[in-house]
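**Q** Protein chains in written order, with the numbering used here: chain A, 1 to 321; chain B, 1001 to 1321.
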């Protein structure tokens, strides 16, 4: 994410810095997209995104092996490049290691390397430092996109699509927090998510997506980002949401870290392609709603109610609001 | 730094991952410089570096205001771009904030923004997350260099040069660790270092530097990086080392975080330029030694002894070896 901008929230206390950053960006022809989208884009099409994870905040020791921690941290950054339909090139891996982690540095890097290689990128650098108590990883992904797909192009009448099946990662976290084992399929969703790079580039080439992002805050929360950036309302049809095996509808709606693609496209553009897509990638492509005039996110529930959900999403497992 | 490679150390336990990363890089035409230099360089001249700092490891709360923490963290990453004679463009700022830090997020960003603007760059993105206990910042700097100056071009007969005066930051840290106030000039060296971007680009344009880096591990430690990368011995003449006011020779030799430029150049190239340089930037430019056949770092002490110093440098204030 380059969520610095939106992550500052709507509080007036950040208005000064937010306006300062906006002003600087407007005046700088070297930057095409600044904070607030999935990734930053320079004038030559260089795309950059960064994602920080801390032990005890984003995962607990015992949930993941070191290799899985490295893989997952790298995938989070690479998935942001997928969300722009960019071609990933390089990965910078910053790690703060406890004394106990030092013996596992190679496994952490091996996991990050596997995530990079899976999408055609390689580790080009990083930083390695000491942490007294808590493992910290911050991965920066760099790539290129001639025509990055942003969050701001959704228009009334466009259709809402999602790849894959949702909620598996959230279901695994729920199991662990109850002190139980996670089912193997939900565990896999948490520890081994895929960055949908090839899928996103296929969609950008064939489907004329008007807005796209990767699901990291949860379906409702991320849909609200498209709504806000595009100045529209996003309507989600609960009955259409593809729920992962072992997960609940709530996991799918509000759970985070699925890293699937959520995008909008004009009516008729993707409908004819979904069979080809599913054949090419063995990944579901599901229409789950549409775009309307308005703002925020509206849910059509399975029992026919209409619910307006302006906020929501995954806020780290320890502090869900 | 993109010190991942060298930071893994010489232990055999990292040979596998080191060889794996090297092999991947050799096979990828999109990457010109990988881990091990100050920054990574892509085939189109895009230059990237990242630097992570943790409260309690790189600084203690009370030494720095939040604005200074942000400024200093950003400068560390931007200084790596200076070391390649690159033009900085953008900065990504990842922050893990404690509950108490949240009220200071704007000051942290204001400091990072000031460091970026000072060298012609702007904040283009970042990540903001929660930390239960410890402030963490990881800054990624991106820029461009048509002809990056690497660490591997020093040859026997070349001269060794350094900008500025050394040891001020280390002297301030020594004072604080003794529970004393730091002198204002040494405090300034620690809290408000400059990334020598304009100076490095001037040197690259006029001085034909053969190897260059920014001082972050200390003069001896960083000189050993040039020696290792270039396959030469670097000789430092202690009597020539420009020591900052309030600092000792030991601070200058082994203290870290000066962020001055250390470079080599063929004899005669820089000698005639140093007056112009000092006039243009109001920064000292001092010849402090030369390059020989051999390896490691050799000190000519003030009292005429010869000391071979293969290792050394700043390893965080808590764990100096």
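For every residue, glycine included, the Cβ atom is placed at its ideal position computed from N, Cα and C.
Keep in mind it's a predicted model, so treat the numbers as computed, not measured.
For the region 1208-1228 of chain B, which residues have a beta carbon sitting closer than 7 Å to at least one beta carbon of chain A?
**A** Against chain A - using a Cβ distance shorter than 7 Å - the region 1208-1228 of chain B contributes no residues.
**Q** Do three or more CB pairs link the region 1138-1158 of chain B to the region 1081-1092 of chain B at distances below 8 Å?
**A** Yes, since at least three Cβ pairs between the region 1138-1158 of chain B and the region 1081-1092 of chain B fall closer than 8 Å, the two stretches touch.
**Q** For chain B, check one thing: does any of its Cβ atoms lie closer than 7 Å to the Cβ of residue 240 of chain A?
**A** Counted from its first residue, the first chain places residue 240 of chain A at position 240. Taking Cβ atoms only, chain B never reaches closer than 7 Å to residue 240 of chain A, which makes this a no.
**Q** Within 10 angstroms of its Cβ, does residue 26 of chain A collect 16 or more other Cβ (buried), or is it exposed?
**A** Here residue 26 of chain A is taken as the residue at index 26 of the first chain, counted from 1. Exposed, by the Cβ-count rule.
**Q** Taking all protein chains shown into account, decide if residue 1276 of chain B is buried (16 or more other Cβ within 10 angstroms of its Cβ) or exposed.
**A** The sequence position of residue 1276 of chain B within the second chain is 276, counting from 1. Exposed, because fewer than 16 other Cβ atoms sit within 10 Å of the Cβ of residue 1276 of chain B.
**Q** So, helix, strand or coil for residue 1335 of chain B, using DSSP?
**A** Since the displayed chain B opens at 1001 and closes at 1321, residue 1335 of chain B lies outside it and no answer follows.
**Q** Given this structure, state the Cα-to-Cα distance separating residue 182 of chain A from residue 176 of chain A, to the nearest angstrom.
**A** Taking the first chain and counting its residues from 1, one reaches residue 182 of chain A at position 182. Taking the first chain and counting its residues from 1, one reaches residue 176 of chain A at position 176. Cα-Cα distance, rounded: 6 Å.
**Q** Check the Cβ of residue 1101 of chain B against every Cβ in chain A and list those closer than 9 Å, keeping chain order.
**A** To locate residue 1101 of chain B, count along the second chain from 1; it is residue 101. Residues of chain A passing the Cβ test: none, with the nearest at roughly 13 Å.
**Q** Could you please give the first and the last residue of the uninterrupted alpha helix (DSSP H) stretch that includes residue 1140 of chain B?
**A** As a working note, residue 1140 of chain B is residue 140 in the second chain. Looking at the DSSP string, residue 1140 of chain B is not in any alpha helix (DSSP H); the run it does join, the beta strand (DSSP E), is 1136-1144.
**Q** Could you check what DSSP says for residue 186 of chain A in three-state terms: helix, strand or coil?
**A** Numbered from its first residue, the first chain carries residue 186 of chain A at position 186. Here residue 186 of chain A sits in helix by DSSP.
**Q** Quick one, are the C-beta atoms of residue 165 of chain A and residue 244 of chain A less than 7 Å apart?
**A** Numbered from its first residue, the first chain carries residue 165 of chain A at position 165. Numbered from its first residue, the first chain carries residue 244 of chain A at position 244. Against a cut-off of 7 Å, the Cβ pair of residue 244 of chain A and residue 165 of chain A comes out as a contact.
**Q** Have a look at residue 1299 of chain B and residue 229 of chain A and give me their C-alpha separation to the nearest angstrom.
**A** Looking up residue 1299 of chain B in the second chain gives position 299. Looking up residue 229 of chain A in the first chain gives position 229. Approximately 59 Å between the Cα atoms of the pair.
**Q** Rounded to whole angstroms, what is the Cα-Cα separation between residue 315 of chain A and residue 217 of chain A?
**A** Taking the first chain and counting its residues from 1, the one referred to as residue 315 of chain A is at position 315. Taking the first chain and counting its residues from 1, the one referred to as residue 217 of chain A is at position 217. For residue 315 of chain A, the predicted structure reports a pLDDT of 39, less than 50, and the residue's modelled location is therefore unreliable. A value from the coordinates is still provided. Residue 315 of chain A and residue 217 of chain A: Cα-Cα distance of roughly 7 Å.
**Q** Relative to the C-alpha of residue 1293 of chain B, which candidate in B:1247, B:1135, B:1232, B:1242 has its C-alpha closest?
**A** Numbered from its first residue, the second chain carries residue 1293 of chain B at position 293. When each option's Cα is compared against that of residue 1293 of chain B, the closest is B:1232.
**Q** Which of helix, strand or coil does DSSP assign to residue 212 of chain A?
**A** Position 212 of the first chain, counted from the start, is the residue given in the question as residue 212 of chain A. Strand at residue 212 of chain A.
**Q** Suppose the cutoff is 7 Å on Cβ atoms and the five residues either side in sequence are ignored; what does the same chain contact list for residue 265 of chain A look like?
**A** Along the first chain, read from residue 1 onward, the residue named residue 265 of chain A stands at position 265. Closer than 7 Å at the Cβ level, and outside the excluded window around residue 265 of chain A, lie 158, 159, 161, 207, 208, 209, 210.
**Q** What is the residue span of the beta strand (DSSP E) that residue 94 of chain A lies within?
**A** Against the first chain, residue 94 of chain A aligns to sequence position 94. Looking at the DSSP string, the run of the beta strand (DSSP E) that includes residue 94 of chain A is 87-97.
**Q** Is the beta carbon of residue 1262 of chain B sitting closer than 7 Å to the one on residue 1303 of chain B?
**A** Locating residue 1262 of chain B in the second chain gives position 262, counting from the first residue. Locating residue 1303 of chain B in the second chain gives position 303, counting from the first residue. No, they are not a contact pair.
**Q** Could you give the distance in angstroms between the alpha-carbon of residue 1255 of chain B and the alpha-carbon of residue 235 of chain A?
**A** In the second chain, the residue the question calls residue 1255 of chain B occupies position 255. In the first chain, the residue the question calls residue 235 of chain A occupies position 235. Spanning the two alpha carbons is a distance of roughly 59 Å.
**Q** Does any residue of chain B bring its CB to less than 7 Å from the CB of residue 35 of chain A?
**A** Position 35 of the first chain, counted from the start, is the residue given in the question as residue 35 of chain A. Chain B contact via Cβ: present.
**Q** Taking the beta carbon of residue 1079 of chain B as the centre, do at least 16 other beta carbons fall within 10 Å, making it buried, or is it exposed?
**A** As a working note, residue 1079 of chain B is residue 79 in the second chain. It counts as buried.
**Q** Counting pairs of beta carbons, one from the region 1124-1138 of chain B and one from the region 1096-1112 of chain B, are three or more of them closer than 8 Å?
**A** Touching, yes.
**Q** Taking any Cβ of chain B, which residues in the region 128-160 of chain A have a Cβ under 8 Å from it, in chain order?
**A** So the list reads 128, 129, 130, 131, 132, 133, 134, 136, 138, 140, 142, given in the order they occur along the chain.
**Q** Tell me which residues share the same chain as residue 128 of chain A and place their Cβ nearer than 6 Å to its Cβ, disregarding the 5 neighbours each side in the sequence.
**A** The residue labelled residue 128 of chain A in the question sits at position 128 within the first chain. 95.
**Q** What is the DSSP secondary structure of residue 125 of chain A, reduced to helix, strand or coil?
**A** Translated into the one-based positions of the first chain, residue 125 of chain A becomes position 125. If DSSP states are grouped into helix, strand and coil, residue 125 of chain A belongs with the strands.
**Q** Could you tell me the alpha carbon to alpha carbon distance between residue 1076 of chain B and residue 1059 of chain B, rounded to whole angstroms?
**A** Counted from its first residue, the second chain places residue 1076 of chain B at position 76. Counted from its first residue, the second chain places residue 1059 of chain B at position 59. When rounded, the distance between both Cα atoms is 13 Å.
**Q** Is it the case that the Cβ atoms of residue 84 of chain A and residue 31 of chain A are separated by a distance below 7 Å?
**A** On the first chain, position 84 is the one that residue 84 of chain A refers to. On the first chain, position 31 is the one that residue 31 of chain A refers to. Result no, Cβ atoms of residue 84 of chain A and residue 31 of chain A do not sit closer than 7 Å.
**Q** Quick one: what does DSSP say residue 283 of chain A is sitting in, helix, strand or coil?
**A** As a working note, residue 283 of chain A is residue 283 in the first chain. Coil, per DSSP.
**Q** List, in chain order, every chain B residue whose beta-carbon is nearer than 7 Å to that of residue 52 of chain A.
**A** Your numbering for residue 52 of chain A matches position 52 in the first chain. Residues of chain B passing the Cβ test: 1094, 1096, 1127, 1129, 1138.
**Q** By a C-beta neighbour count over all protein chains shown, 10 Å radius and 16 as the cutoff for buried, is residue 1305 of chain B buried or exposed?
**A** Looking up residue 1305 of chain B in the second chain gives position 305. Burial call: exposed.
**Q** What do you reckon, are the CB atoms on residue 1258 of chain B and residue 1285 of chain B nearer than 7 Å?
**A** Here the question's residue 1258 of chain B lines up with position 258 in the second chain. Here the question's residue 1285 of chain B lines up with position 285 in the second chain. Cβ distance not < 7 Å, so residue 1258 of chain B and residue 1285 of chain B don't count as in contact.
**Q** Going along chain A in order, which residues have a C-beta closer than 7 Å to the C-beta of residue 1030 of chain B?
**A** Along the second chain, read from residue 1 onward, the residue named residue 1030 of chain B stands at position 30. The contacting residues are 89.
**Q** Taking 7 Å as the limit between beta carbons, can you name the residues of its chain near residue 63 of chain A, skipping five residues before and five after?
**A** As a first step, residue 63 of chain A is located in the first chain; it is residue number 63 there, counting from the start. Excluding positions up to five away in sequence, the list reads 176.
**Q** Along chain A, which residues have their Cβ under 9 Å away from the Cβ of residue 1049 of chain B?
**A** Working through the second chain from its first residue, we reach residue 1049 of chain B at position 49. In chain order: 92, 125, 127.
**Q** Given a limit of 8 Å on CB to CB distance, which residues of the region 104-118 of chain A reach chain B?
**A** Answer in chain order: 105, 106, 109, 110, 113, 117.
**Q** Going by Cα to Cα distance, which pick from A:28, A:156, A:203 is closest to residue 270 of chain A?
**A** Within the first chain, numbered from 1, the residue matching residue 270 of chain A stands at position 270. Checked all of A:28, A:156, A:203; the closest Cα to residue 270 of chain A is A:203.
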